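Asker:
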Amino acid sequence: MLNSMFNKENLDKFKIGVDQVVQLLAQTLDVQQKPFSGIFPHELAKQFADIDLNQPLFDIQEALTEVTQLYLKDAVYFNNPRYLAHLNCPIVYQSILAELMATAINTAVETWDQSGGATFIEQSIVDWTLSKLALGKQADGVFTSGGTQSNLMAMLLARDFQCQQHTGHINKQQGLPQDFKRLKIFTSQVSHFSIQKAAAILGLGYDSVVSVPCDEYFRMDVNALNQAIEQCQQQGDIVMTIVATAGTTDFGSIDPLAQIAAIAKQSGAWFHVDAAYGGGLLITPNNKHKLAGIACADSVTIDYHKSFFQPVSCSAFFVKDKQHLSVVTYHAEYLNPLSQQQAGTPDLCNKSIQTTRRFDALKLWFSLRTVGAKNLGLAFEQVMHLARQAYLLLASEAHIEIIHQPQLSTLVFRFIGDGSTCNQDLDELNKFIRKQLSRQGDALIAATKVADKQYLKFTLLNCATTISDIQQVVRLIKQYGYQYLASDLANQQTPLNTPVKEVSYG
């Protein structure tokens with residue numbers, strides 16, 4: 007067993023293993039032409055049936071051969087130009103080098119005595135981001151596992167702040183007050199579902215979330231927000247939080263942050279901005295203004311593993327007043343005693359809901375030092391420009407209905423054929439198109455529903471994707487769409503592995 011530990015005695019063996027992995031990755035990328043193999047879950051599951059984890063292979067090359075078959079062969083490749091599905095980005099290779107270092111040392115950043123310089127690297131990234139957000143001198147932040155955790159922390163801090171403000175009740179010590187159901191969270195109808203999850207986890211329930219209608223650009227309607235708040239207050243409820251989104255998952259829409267900030271201030275609400283997607287605008291040369299008003303936020307979520315081109319996971323949560331982070335502080339004598347905090351020891355677990363935590367900040371640190379924030383920002387602007395090109399392409403297609411202009415890099419649309427097909431059949435048609443693209447491995451795109459109608463979605467985060475790639479995918483969408491309409495698929499489903507022939511279309 008000692009022969010497998012990472013140390014200087016085994017360094018030569020480790021180097022050989024790394025070389026084998028790099029060689030395998032090179033071979034994989036060299037032959038990988040499609041974003042996905044098209045395999046179905048039940049087909050892949052069969053390959054795991056005979057794997058006995060109690061019987062080791064012992065040999066690295068044999069294990070790599072097995073991993074190739076079970077993982078790499080059917081992986082989803084976000085770096086493929088025709089991966090257009092979710093908010094998954096290709097990553098700068100320098101961040102992988104940082105990941106290797108952090109994993110090899112196996113640093114845990116929860117306390118100073120486990121992390122040393124890693125503590126200051128994370129804090130430096132937090133401070134650097136705060137300087138972009140302009141939240142003020144009392145602001146602070148901490149790395150998280152992702153936007154869902156960051157949004158959970160925001161709702162937690164907001165809940166406890168409002169309970170103390172309105173009743174003097176300290177939830178951390180006493181639990182929830184009897185009238186906690188008066189607390190209401192306001193967010194747009196297209197905000198991220200993690201807000202509902204947070205409400206449930208925190209004991210407030212889904213019913214505490216007020217879904218505010220959007221305007222024609224899928225941004226929170228401030229007039230509707232004012233009306234919803236007025237109704238809430240008339241019922242004797244408390245406006246706990248207003249959540250604005252800077253980059254909705256489907257539309258990339260950015261809520262009017264400055265206007266919502268003013269409403270939050272007037273109503274006494276905690277103002278949270280979910281910029282998990284749109285946070286990358288902070289480092290763009292020409293689009294920072296789209297986040298105007300974010301400096302007024304009480305808290306902010308940013309996912310570096312979206313628009314900063316970092317590996318999963320790399321995310322952080324920020325708060326205007328660091329004192330609010332004490333809600334998640336608990337002093338354990340064996341780990342982070344109060345005396346250490348009083349002595350100025352920087353134990354990061356004092357501001358996190360996690361204890362053991364990976365050194366994710368090194369990835370972004372290394373990227374900033376070797377690639378530079380400006381170049382990362384330019385990369386985000388490049389995919390935003392591509393989205394505008396793709397919009398013009400889709401808008402020019404008589405066979406396609408697109409329902410919004412891009413604010414960031416997503417596009418929601420559907421294939422409508424000649425326009426004579428009813429909505430119910432169009433739903434099945436567009437579902438088929440997406441499944442067929444995936445099954446054939448030609449491209450991966452996403453799907454969503456708007457006004458209970460089925461739509462397709464492009465999410466563009468790959469600088470290697472060109473308008474030519476988009477044109478090819480649109481051609482396939484039309485091909486599969488007309489194949490569906492020209493056959494009996496609308497009335498009788500055909501297995502998805504049925505070959506699709508080229509058809510002519512107008």
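Just so we're aligned, residue 7 is where the sequence shown starts under the numbering used here, counting upward by one.
Glycine included, each C-beta is placed from N, C-alpha and C at the ideal position.
On a predicted model such as this, the values are computed, not experimentally measured, just so you know.
(1) Identify every run of the alpha helix (DSSP H) within the segment 135-169, keeping only runs that are complete inside it and at least 4 residues long; order them along the chain.
(2) Here's the rule: buried if 16 or more other CB atoms are within 10 angstroms of the residue's CB, otherwise exposed. What is A322?
(3) Using DSSP's beta-bridge definition, name the partner residues of F64.
(4) By the DSSP assignment, the alpha helix (DSSP H) with V245 in it spans what residues?
(5) Can you find the residues in the same chain that come closer than 8 Å, C-beta to C-beta, to V480, ignoring five residues on each side of it along the sequence?
(6) What three-state label does DSSP hand V506 in the structure shown?
(7) Measuring straight from C-alpha to C-alpha, what distance separates L417 and L288?
(8) Using CA coordinates, which residue listed in L163, F84, S130 is at the minimum distance from K357?
(9) Between the Cα of V245 and the Cα atoms of F167, T307, L141, which residue gives the shortest distance?
(10) Is D309 helix, strand or coil by DSSP?
(11) Mind the definition here: the segment 252-267 touches the segment 220-239 only if three or more C-beta pairs lie below 8 Å; say whether that holds.
(12) Tell me which residues share the same chain as G23 and place their Cβ nearer than 7 Å to its Cβ, disregarding the 5 neighbours each side in the sequence.
(13) Hey, how far is the Cα of I408 from the Cα of Q180?
(14) Output needed for A91: all residues of its chain with C-beta closer than 7 Å, excluding positions within five of it in sequence on either side, in chain order.
(15) Where does K19 land, buried or exposed, given buried means 16+ other C-beta within 10 angstroms?
(16) Where does R375 land, buried or exposed, given buried means 16+ other C-beta within 10 angstroms?
(17) Unbroken alpha helix (DSSP H) runs of length 4 or more, entirely within the segment 42-87: which are they?
(18) Give the range of the alpha helix (DSSP H) segment to which I473 is assigned.
(19) Measuring CB atoms only, is the segment 302-320 touching the segment 265-283, in the sense that at least three cross pairs come out at less than 8 Å?
(20) Kindly indicate which three-state DSSP category L288 falls into: helix, strand or coil?
(21) Say whether the segment 139-159 touches the segment 352-366, bearing in mind that this needs 3 or more beta-carbon pairs closer than 8 Å, one atom from each stretch.
(22) At the level of alpha carbons, what is the spacing between V27 and Y77?
(23) Jot down the residue ranges of each uninterrupted beta strand (DSSP E) in the segment 187-239, minimum 3 residues, whole runs only, in chain order.
(24) Say whether the segment 453-463 touches the segment 423-436, bearing in mind that this needs 3 or more beta-carbon pairs closer than 8 Å, one atom from each stretch.
(25) For the candidate residues D119, P291, K52, I473, whose alpha-carbon lies nearest to that of A393?
(26) Identify which residue in K455, D119, E68, I439 has its Cα closest to the Cα of Y490.
(27) Alpha carbon to alpha carbon, what distance is there between S313 and A124?
(28) Which full runs of the beta strand (DSSP E) of 3+ residues lie inside the segment 304-378, going along the chain?
(29) Given this structure, state the Cα-to-Cα distance separating V218 from Q240, to the nearest angstrom.
(30) Counting pairs of Cβ atoms below 8 Å between the segment 181-192 and the segment 333-341, do you hit three or more?
(31) Need the endpoints of the alpha helix (DSSP H) that T117 sits in, please.
(32) What first and last residue would you give for the beta strand (DSSP E) that runs through I300?
(33) Using DSSP bridges, identify the partner residues of D451.
(34) Taking all protein chains shown into account, do 16 or more other C-beta atoms lie within 10 angstroms of the C-beta of L141, making it buried, or fewer, making it exposed?
(35) Quick one: residues in its chain with C-beta nearer than 6 Å to the C-beta of T113, no 5 flanking neighbours on either side, listed in chain order?
(36) Which residues in the same chain have their Cβ closer than 6 Å to the Cβ of P41, if we skip the five residues on either side of it in sequence?
Answerer: Looking at the atomic coordinates:
(1) none
(2) Along the sequence shown, one-based indexing puts residue 322 at 316. Buried: at least 16 other Cβ atoms inside 10 Å.
(3) Start at 1 with the first residue of the sequence shown, and residue 64 comes out as number 58. DSSP, once it has assigned bridges, lists no residue as partnering F64.
(4) For the purposes of this step, residue 245 is identified with residue 239 of the sequence shown, where counting begins at 1. Looking at the DSSP string, V245 is not in any alpha helix (DSSP H); the run it does join, the beta strand (DSSP E), is 244-251.
(5) By 1-based counting over the sequence shown, the position of residue 480 is 474. Here the set comprises L399, L400, E403, I406.
(6) What you label residue 506 is simply residue 500 of the sequence shown in a count that begins at 1. Confidence in V506 is poor, its pLDDT being 44 and thus under 50, which makes the residue's placement unreliable; the coordinate value appears in the next sentence. Of the three classes helix, strand and coil, the one that applies to V506 here is coil, per DSSP.
(7) Stepping through the sequence shown from its first residue, residue 417 is reached at position 411. Stepping through the sequence shown from its first residue, residue 288 is reached at position 282. Near 22 Å, if we compare the C-alpha coordinates of L288 and L417.
(8) As a working mapping, residue 357 is identified with position 351 in the sequence shown. Among L163, F84, S130, the Cα nearest to that of K357 is on L163.
(9) Position 239 of the sequence shown, counted from the first residue, corresponds to residue 245. Per the Cα distances, F167.
(10) Counting from one through the sequence shown, the residue named residue 309 turns up at place 303. It is a strand residue.
(11) yes
(12) Within the sequence shown, numbered from 1, the residue matching residue 23 stands at position 17. Excluding positions up to five away in sequence, the list reads I66.
(13) Residue mapping note: residue 408 aligns to position 402 of the sequence shown, counting from 1. Residue mapping note: residue 180 aligns to position 174 of the sequence shown, counting from 1. Cα to Cα, the separation comes out at about 51 Å.
(14) Here residue 91 is taken as the residue at index 85 of the sequence shown, counted from 1. Correct list, in chain order: L450, I451, A452, T465.
(15) Against the sequence shown, residue 19 aligns to sequence position 13. Classification of K19: exposed, given that the 10 Å Cβ count is below 16.
(16) The sequence position of residue 375 within the sequence shown is 369, counting from 1. By the neighbour-count rule (16 or more Cβ atoms within 10 Å), R375 is not buried but exposed.
(17) 47-54, 66-76
(18) One-based indexing of the sequence shown puts residue 473 at position 467. That run of the alpha helix (DSSP H) goes 473-492.
(19) yes
(20) Walking along the sequence shown from the start, residue 288 turns up at place 282. If DSSP states are grouped into helix, strand and coil, L288 belongs with the helices.
(21) yes
(22) In the sequence shown, counting from the first residue as 1, residue 27 sits at position 21. In the sequence shown, counting from the first residue as 1, residue 77 sits at position 71. If you take the alpha carbons of V27 and Y77, they lie about 13 Å apart.
(23) 189-194, 215-218
(24) yes
(25) Reading the sequence shown from its first residue, position 387 is the one you call residue 393. Minimum Cα distance to A393 is reached at I473.
(26) Along the sequence shown, one-based indexing puts residue 490 at 484. Per the Cα distances, I439.
(27) Along the sequence shown, read from residue 1 onward, the residue named residue 124 stands at position 118. Along the sequence shown, read from residue 1 onward, the residue named residue 313 stands at position 307. Distance between the alpha carbons of A124 and S313: 23 Å.
(28) 305-309, 321-325
(29) Position 212 of the sequence shown holds residue 218. Position 234 of the sequence shown holds residue 240. When rounded, the distance between both Cα atoms is 17 Å.
(30) no
(31) Within the sequence shown, residue 117 is the residue found at index 111, counting from 1. Here T117 belongs to no alpha helix (DSSP H), and DSSP marks it neither H nor E.
(32) Counting from one through the sequence shown, the residue named residue 300 turns up at place 294. Looking at the DSSP string, I300 is not in any beta strand (DSSP E), and its letter there is neither H nor E.
(33) On the sequence shown, position 445 is the one that residue 451 refers to. Before going on, a small fix: residue 451 reads as Ile here, not Asp. Partner(s): L90.
(34) Taking the sequence shown and counting its residues from 1, one reaches residue 141 at position 135. That one is buried.
(35) Within the sequence shown, residue 113 is the residue found at index 107, counting from 1. Same-chain partners within the cutoff: S121, A124, F365.
(36) Sequence index remark: in the sequence shown, residue 41 carries index 35 (1-based). Cβ within range, chain order: Y83, N86, R88, Y89, L450.
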